[in-house]
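Chemist:
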Amino acid sequence: MQLLIDHASLPAIRQALDDFPIDGVTTNPSILAREGGSPLETLRSIRRLLPEDAVLHAQGVATSAESLVDEARALRGEFGDNFFVKIPVTPAGLRAIRILGKEGFPITATGVYSPMQAFVAAKAGARYVAPYVNRLDNMGVDGVEVVAQIQEIFRANALDSDVLAASFKNSRQVLSLARLGVGAVTMAPSVLAALVSHAATTAAISAQNGDLAKLIGQARTMLDLIDEAH
Ligand code: E4P
């Protein structure tokens, strides 16, 4: 399962790259708008920050199929390899996915709220489909169950597409999808940090280090002992 950051703030992305095994960054128009300034410059800065093999996903905002295709090609011209264009699963978007899919263009179909949208987008040529898990939960639909159905449909139909699950607000949703083995999940750095932080871990390690500190002194480590032994 790929672990992606759904954010456009450079300090937050830098921190996440330092702390976690991140495979790339996803953005959407709202995320870019939140940063202000030029969205193109923001995307360029994110690309520069990312390791070469990390992926970047950015969304087309054109409303006709033809202009979405042009926008996608221009974005690919800017960002080259390891770039995925996000295209909404609207009628125009699905037409654009079909055109670009024939060229083998890396596409993430976005705005997915139902398994059938995911099926059609995958059949049209999307490499990833992005169901909005938390937004589904907020609508009274079980977002994790929708993802499970999409996985089942992909496997049953031998479709070469994966789920890139998006829109998380709590770590339990992510945990459920890790158990399903989805292709990728994307979330804000704060959700990711909450996923791995555990009060019991902090308490256990602090107690263990405290025990050793009584023996070797506060703020001293094994390195101090090794240095002193030479
Ligand atoms: C994914 O493709 C979307 O851009 C995003 O994850 C939606 O997340 P939100 O529901 O937190 O806005």
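Here numbering that gives the first Met the number 0 is used: the first residue of the sequence shown is 0, the next is one more, and so on.
Ideal Cβ placement from N, Cα and C applies to all residues, glycine included.
All values reported here derive from a predicted model rather than from experimental measurement.
Nearest to T109 by CA position, among A95, Q217, G103, is which residue?
Modeler: Cα-wise, what sits closest to T109 is A95.
Chemist: Does the Cβ of L42 have 16 or more other Cβ atoms within 10 Å, making it buried, or fewer, making it exposed?
Modeler: With 16 or more Cβ atoms within 10 Å of its Cβ, L42 is classed as buried.
Chemist: Closest to T304 by CA distance: which of R72, G79, P87, P50 is it?
Modeler: Summary: the structure shown does not reach residue 304, with the chain confined to residues 0 through 229, and so no result is reported for it.
Chemist: Could you check the C-alpha separation between K85 and A7 for me, to the nearest Å?
Modeler: Rounded to the nearest angstrom, the two C-alpha atoms are 15 Å apart.
Chemist: Quick one: what's P130 bridged to in DSSP?
Modeler: Note: P130 sits in a beta bridge opposite V111.
Chemist: Around the C-beta of P130, are 16 or more other C-beta atoms found within 10 angstroms, so that it is buried, or is it exposed?
Modeler: P130 should be labelled buried.
Chemist: CB G142 to CB L135, shorter than 8 Å?
Modeler: Yes; because the gap between Cβ atoms is below 8 Å, this pair is in contact.
Chemist: Ignoring anything shorter than 3 residues or poking outside the stretch 130-203, list the beta strand (DSSP E) runs there in chain order.
Modeler: Qualifying beta strand (DSSP E) stretches, in chain order: 161-164, 183-186.
Chemist: With a 10 Å radius around its C-beta and 16 neighbouring C-beta atoms as the bar for buried, classify L3 as buried or exposed.
Modeler: Counting Cβ neighbours within 10 Å, L3 comes out buried, since at least 16 surround it.
Chemist: With respect to the beta strand (DSSP E) encompassing I86, which residues constitute its N-terminal and C-terminal limits?
Modeler: From DSSP, the beta strand (DSSP E) with I86 extends over 82-87.
Chemist: Verify the contact flag: Y112, CB atom, against every heavy atom of the ligand E4P, threshold strictly below 7 Å.
Modeler: No, since every heavy atom of the ligand E4P falls outside the 7 Å radius drawn around the Cβ of Y112.
Chemist: Evaluate the contact criterion for the stretch 52-59 versus the stretch 5-23: three or more CB pairs, one atom per stretch, below 8 Å.
Modeler: Contact between the stretch 52-59 and the stretch 5-23 is present, because at least three Cβ pairs lie under 8 Å.
Chemist: Looking at C-alpha atoms only, which residue of L179, G209, P188, E34 is the closest neighbour of M0?
Modeler: Checking every option, the nearest Cα to that of M0 belongs to L179.
Chemist: Here's the rule I'm using: 16 or more other beta-carbon atoms within 10 Å means buried, otherwise exposed. How should A71 be labelled?
Modeler: When all chains shown are included, A71 counts as buried.
Chemist: At the level of alpha carbons, what is the spacing between V173 and V145?
Modeler: The straight-line gap from Cα to Cα measures roughly 14 Å.
Chemist: Among R171, A155, S170, I149, whose alpha-carbon lies nearest the alpha-carbon of L163?
Modeler: Comparing Cα-Cα distances from L163 to each of R171, A155, S170, I149, the minimum goes to I149.
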